[in-house]
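Number of protein chains: 2
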Amino acid sequence: MRIGELSERTGTPRRLLRYYEEQGLIVPARCANGYRDYDERLVDRVVQIRGLLDAGLPTRIIKQILPCLDKPRVIHFPDATPEMLATLQGELDRMNDRITCLTRNRDAIEEYLDVVRSGERSAS
Amino acid sequence: MRIGELSERTGTPRRLLRYYEEQGLIVPARCANGYRDYDERLVDRVVQIRGLLDAGLPTRIIKQILPCLDKPRVIHFPDATPEMLATLQGELDRMNDRITCLTRNRDAIEEYLDVVRSGERSAS
DNA sequence: TCGAACCATCACATAGATGTGAAGGTCAAA
DNA sequence: TTTGACCTTCACATCTATGTGATGGTTCGA
Chain A
1 MRIGELSERT
11 GTPRRLLRYY
21 EEQGLIVPAR
31 CANGYRDYDE
41 RLVDRVVQIR
51 GLLDAGLPTR
61 IIKQILPCLD
71 KPRVIHFPDA
81 TPEMLATLQG
91 ELDRMNDRIT
101 CLTRNRDAIE
111 EYLDVVRSGE
121 RSAS
Chain B
125 MRIGELSERT
135 GTPRRLLRYY
145 EEQGLIVPAR
155 CANGYRDYDE
165 RLVDRVVQIR
175 GLLDAGLPTR
185 IIKQILPCLD
195 KPRVIHFPDA
205 TPEMLATLQG
215 ELDRMNDRIT
225 CLTRNRDAIE
235 EYLDVVRSGE
245 RSAS
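Going down the list, the protein sequences come from chains A and B. Heads up: the first sequence runs through residues 1 to 124, numbered per my numbering. Heads up: the second sequence runs through residues 125 to 248, numbered per my numbering.
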């Protein structure tokens, strides 16, 4: 598919699809006329990229994470260097921190909303 | 305590402590000489702010979330406007999205690391 | 009283993600 | 064949969080 369709299906500005490509996150094929040609699977991938970006990960890290998510994962691991694995482990730790922080705050907000909503009628 | 101590205890550059204040996230008292005077409780608060920032929330949103976390929560809810509650609910939803995304990807990375590490010796 | 180590404000710079628009090529339908 | 809706690259602008440094006041110990 071309960039316009991918843009619509993922809710992502074309500008950003080109940006993600520039950062090496996605690699579309090219048609004879130079138009980008996106594989169907890139729909999910783009959504995932946006999710990670929104969760605070920079493109540089996302680029390293994405290969872990490919389905026939087995193929990749010969090229995993030790420091690459250490980086991944570090990012995994940071992701856990983020999850912990978000969960704690989400719970607090939820509780707050519960209290406010239940007390709405009887407030002084 | 003064800004230097808070900076050290939270691992946050002074510059950013002033920035968070500028954004209305923390409100230190002032000594007679103009120095900022931080309450003990701001240590936790700053750590929390940094966690949320790292998880992708902008200061504008964090500012709205922080009042939900105060311990005697009860005091606040008379001033909660409906659209304020809607905003909070929206942010809660987004936080859940982030948690889901992070968790999914964390699990994938974890599994990847397991596979790579266990296959390290026997790789082709 | 002097110097070191704090503090203050202000300002300018950077980096990353994103917005916006110009200038021009491709293609299909009227 | 022309028009409109795509696409291309390029460039400059914006916003947010951050880095860095200038300039100057305060405090305290040597």
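Cβ atoms here follow ideal geometry from the backbone N, Cα and C, with glycine treated the same way.
Item	Value
Partners in chain B for A/Glu40, counting only beta-carbon separations shorter than 7 Å	Near A/Glu40 there are no residues of chain B at all, since even the closest Cβ is about 20 Å away, more than 7 Å.
Own chain partners of A/Gly51 with C-beta closer than 6 Å, once the 5 adjacent residues on each side are dropped	none
Neighbour list for B/Asp168 in chain A, Cβ cutoff strictly below 9 Å	Here the premise fails: no neighbours, minimum Cβ distance about 12 Å.
B/Ser242 burial status per 10 Å Cβ neighbour count (16 or more: buried)	exposed
Residue-chain proximity (B/Arg184, chain A), Cβ-Cβ < 8 Å	no
With 16 other Cβ atoms within 10 Å as the buried cut-off, status of A/Met95	buried
Residue interval of the alpha helix (DSSP H) (run including B/Asn220)	Pro206 to Gly243
Cα-Cα separation between B/Ser131 and B/Arg154, rounded to whole angstroms	16 Å
Any chain B beta carbon closer than 8 Å to A/Gln89	yes
Buried versus exposed call for A/Asn105 [16 or more other C-beta atoms within 10 Å across all chains shown]	buried
A/Val116 versus A/Glu40 - alpha carbon distance	45 Å
The region 139–156 of chain B contacting the region 16–30 of chain A, beta-carbon criterion three pairs below 8 Å	no
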